[in-house]
Amino acid sequence: SRPPLEQCYNLLDFEAVAKRVMKKTAWAYYSSGADDEITLRDNHSAFHRIWFRPKVLVDVEKIDMSTTMLGTKTSIPFYVTATALGKLGHSEGEVVLTKAAHNHNVIQMIPTLASCSFDEICDAKSGNQIQWLQLYVNKNRDITKNIVQHAEKRGCKALFITVDAPQLGRREKDMRSKFEDNGTSVQSNSGESVDRSQGAARAISSFIDPSLSWKDIPWFKSITNMKIVLKGVQRVEDVIKACEAGVDGVVLSNHGGRQLDTAPSGIEILAATMPILKERGIQNKLEIYIDGGVRRASDIVKALCLGATGVGIGRPFLYAMSAYGQPGVERAMQLLKDEMEMNMRLIGAPTIADLNDTMVDARGVALH
Ligand code: FNR
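All letters in the sequence shown, in the order written, are residues 104 to 471 by full-length UniProt numbering.
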């Protein structure tokens, strides 16, 4: 049985409960990383190699953590990133995240491979709630074009093209547990069905086009007016290429450690990237996001100090949803807001604009 929700005091507490109460197959799919899970573990621990350099005697009576991401205002600089197969963890799937995100004025990224249909997830939003679309590019570009243009019509504000998954990583925990058909459908928005015999991750890989390349980027720009962000960029050279390609942003990410093992963490790539963008004077040409291993608001603060516009958070919301449903997700979001307020006060930054790279010592994440 699970402890009362009030006894979850931080995001890692949800993970511990989820591990105990979730179905084995669902836990295996959500929690697994690729190969030896070295990247998975380092995503979180990389944040521990960064230390704060707080300012004192700053007036921090009022804290404003609101910010703008890709042109829209939001309450706090994190978003719910795309994670496939929400119904493995909760019978209602991704709409649980949609409703919680609404109540906290948080942006949600809808996965191509959601368990709920895209329209169900759009229908679940209220008011001026902002949603983005994560895109796996189908070999059949007509299908891709339909997905993109439908999302734009339904009000999605940005398109996150996943570029770190020309083939899905081997997540052995997931493969061992197999994917049991428990009423969860693994379907793309085009309605194709897939072979589920080798674990959920293997089953969904048939949707992804490994021939996708930089040459395709102008085509995306020609079919949509949504902002375009490349999700899964892993080296500064590619950030510069993205800038030259004229996209609106990149997510420095290794897909939550689920793709190339021993790829560096987003926060580490960020620390190596920003000085080079500044050297070239292009740091404001596109927005830089990171994801992977963000579990505390102090992690968010560190990313923003190093130049990120915002961060994505994946597994913690899946775990909160699986263990406690919508109230769990909302509590996780509230805990992050409480931590964020405290961290900004203690570091001496009353607004997001006050965070800068003099407030962290990031020598511990210096990449070459
Ligand atoms: C993901 N992620 C992901 N990314 C993507 O572009 N398309 C997808 O379908 C999925 N699916 C998915 C499922 C599950 C269960 C997880 C855990 C992750 C990656 C995700 O967007 C993000 O990069 C990581 O989850 C960030 O790491 P944390 O916050 O989970 O540590």
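Think of the CB as a built atom: it goes at the ideal place given N, C-alpha and C, for glycine as much as any other residue.
Predicted model only: the values in this text are computed from it and were never measured.
Closer than 7 Å: residue i CB and nearest the ligand FNR heavy atom
i       : result
Tyr-422 : no
His-193 : no
Thr-215 : yes
Asn-241 : no
Thr-186 : yes
Thr-142 : no
Asp-364 : no
His-358 : yes
Gly-272 : no
Leu-466 : In the sequence on display, residue 466 carries Arg and not Leu. Every heavy atom of the ligand FNR is 7 Å or more from the Cβ of Arg-466, so no.
Lys-334 : yes
Gly-415 : yes
Arg-361 : yes
Arg-257 : no
Thr-265 : yes
Gly-396 : yes
Gln-237 : yes
Tyr-133 : yes
Arg-418 : yes
Asn-146 : yes
Contact set for residue i: own chain, Cβ-Cβ below 6 Å, skip 5 residues either direction
i       : result
Gly-417 : Thr-184, Thr-186, Gly-359
Tyr-422 : Phe-117, Glu-118, Ala-121
Asn-292 : Note that Asn-292 has pLDDT 42, beneath the 50 cutoff, so the model's placement of it is unreliable and the number below is only indicative. Cβ neighbours of Asn-292 beyond the five flanking positions: Phe-221, Ile-250.
Val-163 : Arg-448, Pro-453
Ser-300 : Interpretation of Ser-300 is limited by its pLDDT of 46, a score under 50 that renders its predicted location unreliable; no figure is taken from the coordinates.
Gly-415 : Tyr-182, Thr-184, Asp-394
Asn-285 : Residue placement at Asn-285 is poorly supported in this model, since its pLDDT is 48, which falls under 50; the coordinates are not used for a value here.
Ala-345 : Leu-333, Val-353
Gln-232 : His-205
Ala-203 : Gln-429, Val-432, Glu-433
Close Cβ partners of residue i (< 8 Å) along its chain, the five nearest in sequence each way excluded
i       : result
Val-199 : Gly-189, His-193, Met-424, Gly-428, Gln-429, Val-432
Gln-386 : Met-377, Leu-380, Gly-410
Thr-287 : For Thr-287, the pLDDT reaches just 48, beneath the cut-off of 50, and the residue's location in the model is therefore unreliable, leaving the point undetermined.
Arg-123 : Arg-105
Asp-460 : Met-377, Cys-408, Leu-409, Gly-410
Gly-294 : Confidence at Gly-294 is low in this model, with a pLDDT of 45, below 50, so its placement is unreliable and the value that follows should be read with caution. Closer than 8 Å at the Cβ level, and outside the excluded window around Gly-294, lies no residue.
Distance CB(residue i)-CB(residue j) smaller than 8 Å
i           : j       : result
Val-332     : Phe-263 : yes
Pro-367     : Leu-470 : yes
residue 478 : Leu-355 : With the chain represented from 104 up to 471, any question about residue 478 goes unanswered, as that position is not in the structure.
Arg-361     : Gly-136 : yes
Lys-260     : Leu-173 : yes
Ala-411     : Leu-439 : no
Trp-154     : Asp-464 : yes
Ile-311     : Lys-248 : no
Gly-413     : His-147 : no
Val-404     : Ile-370 : no
Ile-179     : Val-159 : no
Gly-272     : Leu-363 : yes
Ser-169     : Thr-177 : yes
residue 497 : Thr-215 : The first residue shown for the chain is 104 and the last is 471, placing residue 497 beyond what the model contains.
Val-353     : Ile-391 : yes
Glu-197     : Ile-224 : yes
Gly-335     : Asp-267 : yes
Gln-252     : Pro-313 : no
Arg-152     : Met-462 : no
Lys-228     : Thr-265 : no
Met-436     : His-207 : yes
Arg-383     : Leu-114 : no
Phe-150     : Asp-402 : yes
Endpoints, the alpha helix (DSSP H) within which residue i is located
i          : result
Met-278    : 275-280
Met-445    : 418-450
residue 81 : Residue 81 is absent from the model: the chain starts at 104 and stops at 471.
Ala-261    : Segment 261-265 is the beta strand (DSSP E) holding Ala-261; no alpha helix (DSSP H) there.
Ile-153    : Premise fails: Ile-153 is in no alpha helix (DSSP H) and is neither H nor E.
Thr-215    : It is not in any alpha helix (DSSP H) - Thr-215 carries neither H nor E in the DSSP assignment.
Tyr-133    : 127-134
Val-404    : 400-408
Glu-118    : 114-124
Thr-245    : A small fix is needed here, since residue 245 is Asp in this sequence, not Thr. Start and end: 244-256.
Val-397    : Careful: Val-397 lies outside any alpha helix (DSSP H) and carries neither H nor E.
Close beta carbons around residue i, own chain, < 7 Å, minus the five adjacent residues each side
i       : result
Asp-457 : none
Leu-108 : Tyr-427, Pro-430, Gly-431, Arg-434
Opening and closing residue of the beta strand (DSSP E) in which residue i lies
i           : result
Met-172     : 170-172
Leu-238     : 234-238
Ile-455     : Per DSSP, Ile-455 belongs to no beta strand (DSSP E) and is neither H nor E.
residue 473 : Nothing about residue 473 can be reported from this structure: the residues present for the chain run from 104 to 471 only.
Val-183     : 181-183
Exercise for review: Please specify which runs of the beta strand (DSSP E), each continuous and at least 3 residues long, are wholly inside the region 297-384, giving them in chain order.
Suggested key: Within the region 297-384, the beta strand (DSSP E) runs of at least 3 residues that lie entirely inside it are, in chain order, 330-336, 352-355.
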